[in-house]
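Protein chains in written order, with this note's numbering: chain A, 748 to 1047; chain B, 66 to 418.
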């Protein structure tokens, strides 16, 4: 056996000063642990965002480049143009529609999931996430095949005598693709929120003369609001800025904000306008998110 | 008179497990009725069936003569105080208490008035705008009571409502509940695993074990003449000595000692005699005591309880517990003392195994 150190360990008497130094040390250690994340965010988020902001006030020159002089609000003024407004409202409408449809589909499923046995739950959660194992682009192209001319979808509608329904290259196809793509983002937070709710509360509601609908409206829904909000934001935000899905399934008739911004940067070579649009898009997202949080917060 | 709640041949199975096994039970209107038993005995399941939160697998369940076996909980005129209160965390005390009335479509103004009245009755006036999380356990308990009682149920069901409170508060609430029950005059069906609580509060107690009803009787009867070994053991503390009846006056213990014990069992029945620790007396060893109602032994352990001393007295073949109230001038024994434990012959009861 090793011999004990002969020098006795001296423990200091507790003093407020000692406690203060200890707390400072603790704070420093916390900062150190967060540092990589801070650096990452500054380098890849704050700085690029700043550049975009600067560009949005700049002027496009004749050669498609950008003059970083002569600051103005021209790019922002263009947003009032009818075509831009149409695209903005269309994007907003489709994003809201996608969010609502996801919510309506996901809520019953999440509730069902949360009432299953744990083993079954886990299997079903894996099923929810399986689509993520395939590339997003590939999945969108798959929809193109399904919805396209002579695809399975038209075959089915023709078989039932519903006529030929060409869904591809329409807003419906875009919403379908977005719902398909983002549904798991709605299911998971909803499931997490509903699963946490004490089942006895629903029993109490039934015991206190609440029927199924009343119990849902007065107990389940308000208590699962955090999940509804989180899921809605997770679906709404990427839907509003979606690029891949509208591009593949929407065709030329249904230009959305995401595609329009890309066009400004790559085709029209109007970087200031593209940058301004990006900022407006972010502002809309932020505004909707805040409204949603406020509204949800009140019912909580 | 119609019974408040009547169970006839009620059985509840969960898969292969029989939680409640062919229970017949009648709860009278206006009585404080306890379902008592260890966890897993089926008492909560029985309560939940009365509430409508579970449906019986078999049997008839009626409330004031009306068959309700498979009626949804929101269509029964009974209300429940849940084990952990199950207060709605997103609602204020006022909205919690008014919930049942709101669901029944009572006008807003009346709902508020009646809820406020009930909040006052349970002494929570001034706290109606609080959320449950801002209240103590005892206060939450009162909200749960008010939330159930405001609906003027025909029967109030309580599922171990005092379990989460500390001892002192629990004892206060026991008395308060009992008083409340007398005031509102409806029957309370109270589920508990705490035999002391059941004895304190109940007009009648039903003791359950493994889904079966063992005995339904007043607290006195349950304590004084338990129906079987399980009830004797479960209610209060007791010494159970195994033996066999030799006639209706005598039981022969397993070591051959004869004890005088009134019983009605046929000769040769395997029985236990139950001797309550507080019904025995402990004295210096004396050979003159009646051998049919005393045992000679040695003090093995002493537990000082403040208001009493509990001696563990060892005999050649078993130990029994003797409880002596702490009165002035009482003879105190030490570990190792030779003593005689004796009792009045009516202090013991004979129960079947």
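We put the CB at the ideal spot given by N, CA and C, even for glycine. These numbers come from a predicted model, not from an experiment.
Beta-carbon contacts of residue i that lie in its chain and below 7 Å, excluding the five residues immediately before and after
i                       : result
residue 92 of chain B   : 68, 69, 70, 98, 252, 254
residue 183 of chain B  : 162, 211, 214, 215
residue 354 of chain B  : 405, 407
residue 891 of chain A  : 915, 995, 996
residue 938 of chain A  : 857, 860, 861
residue 112 of chain B  : 100, 222, 224, 254, 256
residue 1006 of chain A : 990, 993, 994
residue 386 of chain B  : 302, 304, 342, 375, 377
residue 265 of chain B  : 239
residue 167 of chain B  : 176
residue 135 of chain B  : 120
residue 759 of chain A  : 765
residue 773 of chain A  : none
residue 849 of chain A  : 926, 929, 930, 933, 982
Check whether residue i and residue j have beta carbons under 9 Å apart
i                       : j                       : result
residue 367 of chain B  : residue 330 of chain B  : no
residue 221 of chain B  : residue 238 of chain B  : no
residue 883 of chain A  : residue 928 of chain A  : yes
residue 845 of chain A  : residue 926 of chain A  : yes
residue 334 of chain B  : residue 324 of chain B  : no
residue 164 of chain B  : residue 955 of chain A  : yes
residue 965 of chain A  : residue 807 of chain A  : no
residue 835 of chain A  : residue 843 of chain A  : no
residue 73 of chain B   : residue 85 of chain B   : no
residue 863 of chain A  : residue 118 of chain B  : no
residue 1048 of chain A : residue 838 of chain A  : Since the first and last residues shown for chain A are 748 and 1047, residue 1048 of chain A lies out of range.
residue 105 of chain B  : residue 75 of chain B   : no
residue 950 of chain A  : residue 147 of chain B  : yes
residue 793 of chain A  : residue 1026 of chain A : no
residue 339 of chain B  : residue 416 of chain B  : yes
residue 1002 of chain A : residue 1010 of chain A : yes
residue 348 of chain B  : residue 388 of chain B  : no
Within chain A, partners of residue i - CB distance below 9 Å
i                      : result
residue 149 of chain B : 945, 947
residue 216 of chain B : 955, 956
residue 212 of chain B : 951, 955
residue 118 of chain B : 950, 953, 954
Cut-off 6 Å between Cβ atoms - residues of its own chain near residue i, not counting five sequence neighbours on either side
i                       : result
residue 1023 of chain A : 803, 822, 823
residue 1036 of chain A : 980
residue 875 of chain A  : 931, 934
residue 142 of chain B  : 218, 219
Contact set for residue i: own chain, Cβ-Cβ below 8 Å, skip 5 residues either direction
i                       : result
residue 192 of chain B  : 158, 184, 200, 204
residue 154 of chain B  : 196, 197, 198
residue 169 of chain B  : 216
residue 411 of chain B  : 327
residue 1118 of chain A : No information on residue 1118 of chain A is available, as it lies outside the stretch 748 to 1047 that chain A covers here.
Cβ neighbour criterion (16 or more within 10 Å) applied to residue i
i                       : result
residue 851 of chain A  : exposed
residue 114 of chain B  : buried
residue 274 of chain B  : buried
residue 351 of chain B  : exposed
residue 160 of chain B  : buried
residue 371 of chain B  : exposed
residue 777 of chain A  : exposed
residue 1041 of chain A : exposed
residue 207 of chain B  : buried
residue 763 of chain A  : exposed
residue 970 of chain A  : buried
residue 235 of chain B  : buried
Under 7 Å from the C-beta of residue i: neighbouring residues of chain B
i                      : result
residue 958 of chain A : 139
residue 951 of chain A : 147, 151
residue 966 of chain A : 153
Within chain A, the residues that residue i reaches when beta carbons sit closer than 7 Å
i                      : result
residue 255 of chain B : Ordered by position in chain A, no residue passes the 7 Å Cβ test against residue 255 of chain B, which lies about 16 Å from the chain.
residue 168 of chain B : 955, 956, 957, 961
residue 165 of chain B : 955, 956
Chain-ordered chain B contacts of residue i [CB-CB under 9 Å]
i                      : result
residue 970 of chain A : 153, 154, 155
Residue i beta carbon near the ligand ADP (any heavy atom closer than 8 Å)
i                      : result
residue 855 of chain A : Absence of the ligand ADP from the depicted structure is noted, as is the absence of any ligand whatsoever, leaving it without description.
8 Å Cβ cut-off: residues of chain B touching residue i
i                      : result
residue 975 of chain A : Per Cβ cutoff of 8 Å: no residues; residue 975 of chain A is ~13 Å from chain B at best.
Amino acids of chain A, ordered along the chain, whose beta-carbon sits closer than 8 Å to that of residue i
i                      : result
residue 144 of chain B : 954, 955
Open item on the list: Taking contact to mean 3 or more Cβ pairs, one atom from each stretch, closer than 8 Å, check whether the stretch 371-391 of chain B and the stretch 303-320 of chain B are in contact.
Closed with: The way I'd put it, the stretch 371-391 of chain B does touch the stretch 303-320 of chain B; three or more beta-carbon pairs between them come closer than 8 Å.
Task: the stretch 305-314 of chain B contacting the stretch 270-286 of chain B, beta-carbon criterion three pairs below 8 Å - done: By the C-beta criterion, the stretch 305-314 of chain B is judged not to be in contact with the stretch 270-286 of chain B, since fewer than 3 inter-stretch pairs fall below 8 Å.
Open item on the list: Under 8 Å: do the stretch 122-133 of chain B and the stretch 283-302 of chain B share three or more Cβ pairs, one atom per stretch?
Closed with: No contact exists between the stretch 122-133 of chain B and the stretch 283-302 of chain B.
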